[in-house]
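>
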Amino acid sequence: MASPAPDRSGLDELDRRIVLATQDGLPVVSRPYAAVAAQVGCTEEAVRERLTQMLESGRIRRIGAVPNHYAIGYTANGMSVWNIDDAVIDAVGERVGALDFVTHCYRRPRHLPDWPYNLFAMVHAASREAALARVDEIAMLLEREFRGACKGRDVLFSAGILKKTGLRIAG
Amino acid sequence: MSEPSMSGVAAPAASRRGVAATREPDAIDRKLINALQGDFPLTETPFADVAAAVGLDEAEVIARVQAMVRDRVLTRFGPMFQIERMGGAFCLAAMAVPEVAWGEVVEAVNGFPEVAHNYRREHSLNMWFVLATERPEGIADVAGRIEAATGLPVHLFPKEKEYFVEMKLEA
Numbered sequence: 001m002a003s004p005a006p007d008r009s010g011l012d013e014l015d016r017r018i019v020l021a022t023q024d025g026l027p028v029v030s031r032p033y034a035a036v037a038a039q040v041g042c043t044e045e046a047v048r049e050r051l052t053q054m055l056e057s058g059r060i061r062r063i064g065a066v067p068n069h070y071a072i073g074y075t076a077n078g079m080s081v082w083n084i085d086d087a088v089i090d091a092v093g094e095r096v097g098a099l100d101f102v103t104h105c106y107r108r109p110r111h112l113p114d115w116p117y118n119l120f121a122m123v124h125a126a127s128r129e130a131a132l133a134r135v136d137e138i139a140m141l142l143e144r145e146f147r148g149a150c151k152g153r154d155v156l157f158s159a160g161i162l163k164k165t166g167l168r169i170a171g
Numbered sequence: 172m173s174e175p176s177m178s179g180v181a182a183p184a185a186s187r188r189g190v191a192a193t194r195e196p197d198a199i200d201r202k203l204i205n206a207l208q209g210d211f212p213l214t215e216t217p218f219a220d221v222a223a224a225v226g227l228d229e230a231e232v233i234a235r236v237q238a239m240v241r242d243r244v245l246t247r248f249g250p251m252f253q254i255e256r257m258g259g260a261f262c263l264a265a266m267a268v269p270e271v272a273w274g275e276v277v278e279a280v281n282g283f284p285e286v287a288h289n290y291r292r293e294h295s296l297n298m299w300f301v302l303a304t305e306r307p308e309g310i311a312d313v314a315g316r317i318e319a320a321t322g323l324p325v326h327l328f329p330k331e332k333e334y335f336v337e338m339k340l341e342a
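Protein sequences appear in the order of chains A and B.
Number 30 in my numbering belongs to position 30 of the first sequence; there are no gaps in the numbering.
So my numbering is basically just the index in the second sequence, starting at one, shifted up by 171.
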């Protein structure tokens, strides 16, 4: 990132006002950036420039629609969790994350003794059976390519979205 | 889905289903959802650009996006901020919530603005949510406040490594 970071967040006052004005979403009107500009007190062009910079620096992953998984048919949202030998966790994580049906893949800490799992791989599918078949596919792949590295697994299905918003920063 | 019985418990359906969509998207909505998961134009009239690309007129695109946000077919529309790149932090967290206390715990947890997503999952750890704070040290702080508000332990699962994050789902 080339621009100087005015504080730990790297956001200056105008960036911050734009984040606050758009964290609930963009106005769905013909000229959304002009509407944001009117709200934060700058020009439309400045809003577009700042959003472009935030996209380039990775502060914004993307701009657009976030579909409700359930509404578009991905009714089975399975969080597969795996207890993987620490010696090969990163190789396994990269391999599992590269599968086209895995939408998120992370390494996270175990909470022993109740939670032995250190790899999380989210699988979205149209049915629970389809999601379970994909989890089995992951298990077979691990057995084939990383024999003995997987000590246990579970799948936690979602039984409902209770809340979903974007990030919230205080005003 | 095989959810446990809630007999005798005053938990309204809404709190179990959370933010479910009120309808299914039609074929044109699905086409728009797919088009809007790409890079939304940073032009003066981005909806007109999207409309031209999918063969609709601007007014129809705007009306459909407004309706999809209203009906929760879209959970949001706008920039997806990468809070870690702005000095903040995300953390996955989980709680084991007794069924008798489910409704009030959902209400208490969702009441924290730092709770960005919250899902019910089928496991003894049955509530999984994402905390988003402006500073890394805010995670432990809000977890402590959620424990105080609910009387239940909050297990934190910070991301140790990100292997893959998918940003689109085919509608």
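Ideal Cβ positions, reconstructed from N, Cα and C, are used throughout, including at glycine.
Mind listing the chain B neighbours of Lys163 of chain A? Cutoff is C-beta to C-beta under 9 Å, in chain order.
Walking along the first sequence from the start, residue 163 of chain A turns up at place 163. Those within 9 Å of Lys163 of chain A in chain B are Gly189, Val190, Val277, Val280, Asn281, Val286, Ala287, His288, Asn289, Tyr290 and Phe300.
> Under the DSSP definition of a beta bridge, which residues are partnered with Lys164 of chain A?
Walking along the first sequence from the start, residue 164 of chain A turns up at place 164. Its beta-bridge partners are B:His288.
> Of the residues B:Leu327, B:Ala265 and B:Ile204, which one's Cα is nearest the Cα of Arg243 of chain B?
Here residue 243 of chain B corresponds to residue number 72 of the second sequence, with the count starting at 1. Arg243 of chain B has its Cα closest to that of B:Ile204, out of B:Leu327, B:Ala265 and B:Ile204.
> Arg256 of chain B touches chain A at which residues, Cβ-Cβ below 7 Å?
Counting from one through the second sequence, the residue named residue 256 of chain B turns up at place 85. Within chain A, the residues near Arg256 of chain B are Ser57, Gly58 and Arg59.
> Taking buried to mean at least 16 other C-beta atoms within 10 Å of its own C-beta, is Leu15 of chain A buried or exposed?
Residue mapping note: residue 15 of chain A aligns to position 15 of the first sequence, counting from 1. Checking the displayed sequence, the identity of residue 15 of chain A turns out to be Asp instead of Leu. Asp15 of chain A should be labelled buried.
> How far does the beta strand (DSSP E) with Glu333 of chain B in it reach, from first residue to last?
Position 162 of the second sequence, counted from the first residue, corresponds to residue 333 of chain B. Run containing Glu333 of chain B: Lys332 to Val336, per the beta strand (DSSP E) assignment.
> Does any CB atom of chain A fall closer than 9 Å to the CB of Val313 of chain B?
For the purposes of this step, residue 313 of chain B is identified with residue 142 of the second sequence, where counting begins at 1. Output row for Val313 of chain B: interface = no.
> Let's see if you can read the secondary structure: which residues bound the alpha helix (DSSP H) around Trp115 of chain A?
To locate residue 115 of chain A, count along the first sequence from 1; it is residue 115. From DSSP, Trp115 of chain A is part of no alpha helix (DSSP H); its letter is neither H nor E.
> How about Arg17 of chain A: is its C-beta nearer than 9 Å to some C-beta of chain B?
In the first sequence, the residue the question calls residue 17 of chain A occupies position 17. Not closer than 9 Å to any Cβ of chain B, the Cβ of Arg17 of chain A fails to qualify, so no.
> Which residue comes first and which comes last in the beta strand (DSSP E) that contains Met79 of chain A?
Taking the first residue of the first sequence as 1, we reach residue 79 of chain A at position 79. Per DSSP, Met79 of chain A belongs to the beta strand (DSSP E) from Ala76 to Ile84.
> Going by CA-CA distance only, name the one from B:Glu337, B:Phe328 and B:Arg256 that's closest to Arg306 of chain B.
Start at 1 with the first residue of the second sequence, and residue 306 of chain B comes out as number 135. It is B:Arg256.
> Would you tell me roughly how many angstroms separate the C-alpha atoms of Glu341 of chain B and Ala272 of chain B, rounded to the nearest one?
Position 170 of the second sequence, counting from 1, holds the residue named residue 341 of chain B. Position 101 of the second sequence, counting from 1, holds the residue named residue 272 of chain B. Taking the straight line joining both Cα atoms gives about 37 Å.
> Tell me the DSSP secondary structure of Ile72 of chain A in three-state form.
Position 72 of the first sequence, counted from the first residue, corresponds to residue 72 of chain A. Three-state result, Ile72 of chain A: coil.
> Work out the CA separation of Glu270 of chain B and Ser57 of chain A for me, nearest whole Å.
Against the first sequence, residue 57 of chain A aligns to sequence position 57. Against the second sequence, residue 270 of chain B aligns to sequence position 99. So the two alpha carbons sit approximately 44 Å from each other.
> Would you say Glu174 of chain B reaches chain A, if we count a Cβ-Cβ gap shorter than 9 Å as a contact?
Along the second sequence, one-based indexing puts residue 174 of chain B at 3. Only weak support is given to the placement of Glu174 of chain B: the predicted model assigns it a pLDDT of 34, under 50, and the value that follows is read from those uncertain coordinates. It does; some Cβ of chain A falls within 9 Å.
> Do Ala206 of chain B and Ala219 of chain B count as a contact pair if the criterion is CB distance below 9 Å?
On the second sequence, position 48 is the one that residue 219 of chain B refers to. On the second sequence, position 35 is the one that residue 206 of chain B refers to. No.
> Suppose only complete runs of 3+ residues qualify. What are the beta strand (DSSP E) ranges in the region 216-295 of chain B, listed by chain order?
List check, beta strand (DSSP E) in window: 245-252, 260-266 and 286-292.
> Using only alpha-carbon positions, find the residue among B:Glu215, B:Val268, B:Phe328 and B:Asn281 that is nearest to Leu51 of chain A.
In the first sequence, the residue the question calls residue 51 of chain A occupies position 51. Here the closest residue by C-alpha is B:Glu215.
> If I follow the unbroken alpha helix (DSSP H) through Arg128 of chain A, where does it start and stop?
On the first sequence, residue 128 of chain A is found 128 positions in, with the first residue counted as 1. From DSSP, the alpha helix (DSSP H) with Arg128 of chain A extends over Arg128 to Glu145.
> Counting only the same chain and skipping the five closest in sequence on each side, list residues whose C-beta sits under 6 Å from that of His294 of chain B.
On the second sequence, position 123 is the one that residue 294 of chain B refers to. Taken in chain order, the list of residues that qualify is empty.
> So that I know if they touch, is there some Cβ in chain B lying closer than 9 Å to that of Gly97 of chain A?
Numbered from its first residue, the first sequence carries residue 97 of chain A at position 97. Closer than 9 Å: yes.
> Is there a C-beta anywhere in chain A that falls below 9 Å from the one on Glu341 of chain B?
One-based indexing of the second sequence puts residue 341 of chain B at position 170. Judged by the 9 Å Cβ criterion, Glu341 of chain B is in contact with chain A.
> For Val47 of chain A, which residues of its own chain have a beta-carbon under 7 Å away from its beta-carbon, when the five flanking residues on both sides are left out?
For the purposes of this step, residue 47 of chain A is identified with residue 47 of the first sequence, where counting begins at 1. Once the five neighbours on either side are set aside, the close Cβ partners of Val47 of chain A are Ile18, Tyr33, Val36 and Ala37.
> Do you know offhand how far Val277 of chain B's Cα is from Gly226 of chain B's?
Taking the second sequence and counting its residues from 1, the one referred to as residue 277 of chain B is at position 106. Taking the second sequence and counting its residues from 1, the one referred to as residue 226 of chain B is at position 55. Looking at the two C-alpha atoms, the distance is approximately 42 Å.
> Any idea what DSSP makes of Pro307 of chain B, helix, strand or coil?
Along the second sequence, one-based indexing puts residue 307 of chain B at 136. Pro307 of chain B falls in the coil class under three-state DSSP.
> May I have the straight-line CA-CA distance separating Ile317 of chain B from Phe283 of chain B, to the nearest angstrom?
Residue mapping note: residue 317 of chain B aligns to position 146 of the second sequence, counting from 1. Residue mapping note: residue 283 of chain B aligns to position 112 of the second sequence, counting from 1. Near 8 Å, if we compare the C-alpha coordinates of Phe283 of chain B and Ile317 of chain B.
> Whole angstroms are fine: how far does the CA of Glu45 of chain A sit from the CA of Asp154 of chain A?
Position 154 of the first sequence, counted from the first residue, corresponds to residue 154 of chain A. Position 45 of the first sequence, counted from the first residue, corresponds to residue 45 of chain A. Their Cα atoms are separated by approximately 50 Å.
> Helix, strand or coil: how does DSSP classify Val180 of chain B here?
Along the second sequence, read from residue 1 onward, the residue named residue 180 of chain B stands at position 9. Because the pLDDT of Val180 of chain B is 31, which lies under 50, any placement of that residue in the model is unreliable, and the number read from its coordinates should be weighed accordingly. Three-state DSSP puts Val180 of chain B in coil, outside helix and strand.
> Please list the partners that Arg316 of chain B has in chain A, where partner means a Cβ-to-Cβ separation under 8 Å.
In the second sequence, the residue the question calls residue 316 of chain B occupies position 145. Residues of chain A passing the Cβ test: none, with the nearest at roughly 14 Å.
> What are the partner residues of Asp154 of chain A, as DSSP defines its beta bridges?
The count along the first sequence starts at 1 and reaches residue 154 of chain A at position 154. Answer is A:Val81, bridged to Asp154 of chain A.
> Would you mind giving the Cβ-Cβ distance between Leu245 of chain B and Val66 of chain A, rounded to the nearest angstrom? I have them listed as a contact below 8 Å.
Mapped onto the second sequence, residue 245 of chain B falls at position 74. Mapped onto the first sequence, residue 66 of chain A falls at position 66. Yes, they are in contact, since the Cβ atoms of Leu245 of chain B and Val66 of chain A sit about 6 Å apart, within 8 Å.
> Could you work out which residue in B:Glu331, B:Arg291, B:Glu333 and B:Phe211 is closest to Pro250 of chain B when comparing CA atoms only?
Counting from 1 along the second sequence, the entry for residue 250 of chain B is found at position 79. Selected option, being the one with the closest Cα: B:Phe211.
> With 16 other CB atoms within 10 Å as the buried threshold, where does Asp86 of chain A fall?
Locating residue 86 of chain A in the first sequence gives position 86, where the first residue counts as 1. Flag for Asp86 of chain A reads exposed.
> So, using beta-carbon positions, are Ser158 of chain A and Tyr290 of chain B closer together than 9 Å?
Counting from 1 along the first sequence, the entry for residue 158 of chain A is found at position 158. Counting from 1 along the second sequence, the entry for residue 290 of chain B is found at position 119. The answer is yes: Cβ separation under 9 Å.
> Pop quiz: Arg59 of chain A and Gln253 of chain B are said to be a contact at Cβ under 8 Å. What is the actual Cβ separation, rounded to whole angstroms?
Start at 1 with the first residue of the first sequence, and residue 59 of chain A comes out as number 59. Start at 1 with the first residue of the second sequence, and residue 253 of chain B comes out as number 82. Arg59 of chain A to Gln253 of chain B, Cβ: 6 Å. Contact.
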